[in-house]
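By numbering that gives the first Met the number 0, the letter at position 63 of the sequence shown is numbered 62, and the numbering carries on one by one without gaps. Even glycine gets a Cβ: it sits at the ideal position worked out from N, Cα and C. It should be emphasised that the depicted structure is a prediction, and the values quoted were computed from it without experimental measurement. For reference, the structure is listed below as structure tokens.
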Amino acid sequence: MRRYLVVANQTLGGRELREELRRRAVAGESSFYVLVPNTRAAHYHVVPAAGGFVPMPSMATGYGGPGTDEEATEEARARLSRILAELAELGVEAEGHLGSPHPLEGIEQALADRDIDEVIVATLPKRVSRWLGSDIPHQVERRFGLPVTTIVSRA
0 MRRYLVVANQ TLGGRELREE LRRRAVAGES SFYVLVPNTR AAHYHVVPAA
50 GGFVPMPSMA TGYGGPGTDE EATEEARARL SRILAELAEL GVEAEGHLGS
100 PHPLEGIEQA LADRDIDEVI VATLPKRVSR WLGSDIPHQV ERRFGLPVTT
150 IVSRA
């Protein structure tokens, strides 16, 4: 059985990530552990759009992002619940939690408690991604010695 650690927050409901997880699930016996870094409201990415601001990715909600850290946490919890339900519908083992707002810390904590074969990092597009800007995928490979697949949202 292949065991995957999925790391995502704002892109958790994105089409690209959902398609990748579905491909992995149907390819063979697998399990998924979903880590959602509990991003603070101030770190949500919003971009100008006609009529106001919209969060990145555009499939999130119709307003400019969470106003408080508590709202950000609730939105992250809701995304986590939805993706776990989707994975359960595919018949695969899946669990997850909200972790440190710092992805590397959260990954380290998740790996301390479980064996993982590969890490899947889902991120915003390069032009706005703090994770790609700080080279999180390559840092994960070097620090933890695991293969990393990076899924970039097109939103």
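Taking the Cα positions, Thr-72 is about 22 Å away from Ile-150.
By the Cβ-count criterion, Glu-74 is buried, with 16 or more other Cβ atoms from all chains shown falling within 10 Å of its own Cβ. When rounded, the separation of the alpha-carbon atoms in Ser-128 and Gln-9 is 11 Å. Between Pro-124 and Pro-36, the gap from beta carbon to beta carbon reaches 7 Å or more. Using a Cβ-Cβ distance cut-off of 8 Å, the segment 13-28 and the segment 76-93 are in contact, since at least three pairs of beta carbons, one from each stretch, lie closer than that value.
Collapsing the DSSP output to three states places Ile-115 in coil. Residue pairing by DSSP leaves Arg-17 without any beta bridge partner. Under a 10 Å Cβ-count criterion, Thr-122 is classified as buried, with 16 or more other Cβ atoms of the shown protein chains found around its own Cβ.
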